[in-house]
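All letters in the sequence shown, in the order written, are residues 1159 to 1362 by the numbering used here.
Even for Gly, the Cβ is constructed at its ideal location relative to N, Cα and C.
From a predicted model like this one, the values you see are computed outputs, not experimental measurements.
Beneath this line is the structure, given in structure tokens, with notes to follow.
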Amino acid sequence: MKKARIAVLVSGGGTNLQALIDAEKAGKLPHGVLALVVSNRADAYALVRANNAGIESAVLTRKDCGGQAGFEERLAALLEEKQIDLIILAGFMSILGADFTGRFAGRIINIHPSLIPSFCGKGFYGLKVHEAALNYGVKVTGATVHYVNEIPDGGQIILQKPVMIRPGDTPELLQRRVMEQAEWKLLPRAAELVCRKILKEKEG
Ligand code: GRF
């Protein structure tokens, strides 16, 4: 069976990457193959996960590339060289510019740890998202997988999953629950959906 080639872009611990690796191993990603992991940080633990799973990886930093434009140019060249069909941002802590997102339109997805359009956009990353949800006092939060366009967290929504907030929640507790109950389930499902769609489009 033909498979869409996936690159996962990471910056940190890579638990969402791990969820994708586990899903592929369990046969839950039949239309995709994890072909490449790219980190913009040399010390990201996600690189160890890629290595353990036997997935090719690369480190590309803005600094080494002489700034954002150079970084995006090198990244695009690498993705094209490896014939990547789908780019998954999984804890990738850098905003990609309009040139890049336009070049790969419909081919980039991101996981965000809230129910978009709440607690998203510029400045809402990591624990800040969960802090904002708790400060607002919402009773339900969750995670969203969406296409990536030039607006941070602004592309079309693919899948969402709600998570209940509990009395006594801290940002750390909530972050963990959103990952366990939503992110790690949602991302592999969305990846499979989009891989299937991309393959269909390729077949014409
Ligand atoms: C996740 O909460 C993800 O939604 C957000 O950054 C975090 C990354 O965690 N974009 P990990 O690196 O996948 O463990």
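**Asked** Just how far apart, CA to CA, sit Gln1333 and Arg1324?
**Response** Residue mapping note: residue 1333 aligns to position 175 of the sequence shown, counting from 1. Residue mapping note: residue 1324 aligns to position 166 of the sequence shown, counting from 1. Those two C-alpha atoms are separated by around 12 Å.
**Request:** Evaluate Ala1202 with the Cβ neighbour count: other Cβ atoms within 10 Å of its Cβ, from every protein chain shown; 16 or more gives buried, anything less gives exposed.
**Result:** Your numbering for residue 1202 matches position 44 in the sequence shown. By the neighbour-count rule (16 or more Cβ atoms within 10 Å), Ala1202 is buried.
**Prompt:** Based on the DSSP output, what are the partners of Asn1268 in its beta bridges?
**Reply:** One-based indexing of the sequence shown puts residue 1268 at position 110. Answer is Leu1247 and His1304.
**Residue of Ala1177, Gly1326, Ala1290 and Asn1307 minimising C-alpha distance to Ala1211** = Taking the first residue of the sequence shown as position 1, residue 1211 is located at position 53. Among Ala1177, Gly1326, Ala1290 and Asn1307, the Cα nearest to that of Ala1211 belongs to Ala1177.
**Message:** Quick check on the burial criterion: 16 or more other C-beta atoms within 10 angstroms. Buried or exposed for Pro1346?
**Reply:** Position 188 of the sequence shown, counting from 1, holds the residue named residue 1346. By the neighbour-count criterion, in which 16 or more other beta carbons inside 10 Å mark a residue as buried, Pro1346 falls on the buried side.
**Message:** Which runs of the beta strand (DSSP E) at least 3 residues long sit entirely within the stretch 1167 to 1223? Give them in chain order.
**Reply:** 1190 to 1197 and 1215 to 1217
**Item:** Ordered list of beta strand (DSSP E) runs contained in the stretch 1278 to 1352, each at least 3 residues
**Value:** Along the length of the stretch 1278 to 1352, whole beta strand (DSSP E) runs at least 3 residues long occupy 1298 to 1305 and 1315 to 1322, reported in chain order.
**Prompt:** In chain order, what residues of the same chain lie with their CB nearer than 6 Å to the CB of Arg1207, ignoring the 5 residues before and after it?
**Reply:** Walking along the sequence shown from the start, residue 1207 turns up at place 49. Excluding positions up to five away in sequence, the list reads Gly1172, Leu1175 and Gln1176.
**Asked** Are Lys1286 and Lys1319 touching if we call contact CB-CB under 8 Å?
**Response** Looking up residue 1286 in the sequence shown gives position 128. Looking up residue 1319 in the sequence shown gives position 161. No, the Cβ-Cβ distance between Lys1286 and Lys1319 is not below 8 Å.
**Asked** Helix or strand or just coil, what does DSSP make of Ile1164?
**Response** For this step, residue 1164 is matched to residue 6 along the sequence shown. Three-state DSSP puts Ile1164 in a strand.
**Prompt:** Between the Cα of Ala1263 and the Cα atoms of Gly1170, Ser1252, Glu1308 and Glu1289, which residue gives the shortest distance?
**Reply:** For this step, residue 1263 is matched to residue 105 along the sequence shown. The shortest C-alpha separation from Ala1263 is found at Glu1308.
**Which of helix, strand or coil DSSP assigns to Ala1263** = Within the sequence shown, the letter at position 105 stands for residue 1263. Three-state result, Ala1263: coil.
**Three-way DSSP call (helix, strand, coil) for Lys1363 in this model** = Any property of residue 1363 remains undetermined from this structure, which presents the chain solely from 1159 to 1362.
**Request:** Leaving aside the five residues before and after Leu1357 along the sequence, list all residues of the same chain whose C-beta is less than 7 Å from its C-beta, in chain order.
**Result:** Within the sequence shown, the letter at position 199 stands for residue 1357. Result list for Leu1357: Lys1160, Ala1162 and His1189, in chain order.
**Request:** Can you say whether Glu1359 is buried or exposed, counting buried as having 16 or more other CB atoms within 10 angstroms of its CB?
**Result:** Start at 1 with the first residue of the sequence shown, and residue 1359 comes out as number 201. Answer is exposed; the Cβ neighbour count stays below 16.
**Prompt:** Would DSSP call Leu1233 helix, strand or coil?
**Reply:** On the sequence shown, residue 1233 is found 75 positions in, with the first residue counted as 1. Helix, per DSSP.
**Prompt:** Would you say Ile1164 and Leu1244 are within 8 Å of each other, going by their C-beta atoms?
**Reply:** Taking the sequence shown and counting its residues from 1, one reaches residue 1164 at position 6. Taking the sequence shown and counting its residues from 1, one reaches residue 1244 at position 86. It is a contact, given that the beta carbons lie within the stated cut-off.
**Request:** Verify whether the separation of the beta carbon atoms of Leu1192 and Glu1230 is less than 8 Å.
**Result:** To locate residue 1192, count along the sequence shown from 1; it is residue 34. To locate residue 1230, count along the sequence shown from 1; it is residue 72. The answer is no: Cβ separation not under 8 Å.
**Asked** Can you give the Cα-Cα distance for Val1166 and Gly1326, rounded to whole angstroms?
**Response** As a first step, residue 1166 must be located in the sequence shown, where it is residue number 8. As a first step, residue 1326 must be located in the sequence shown, where it is residue number 168. The straight-line gap from Cα to Cα measures roughly 34 Å.
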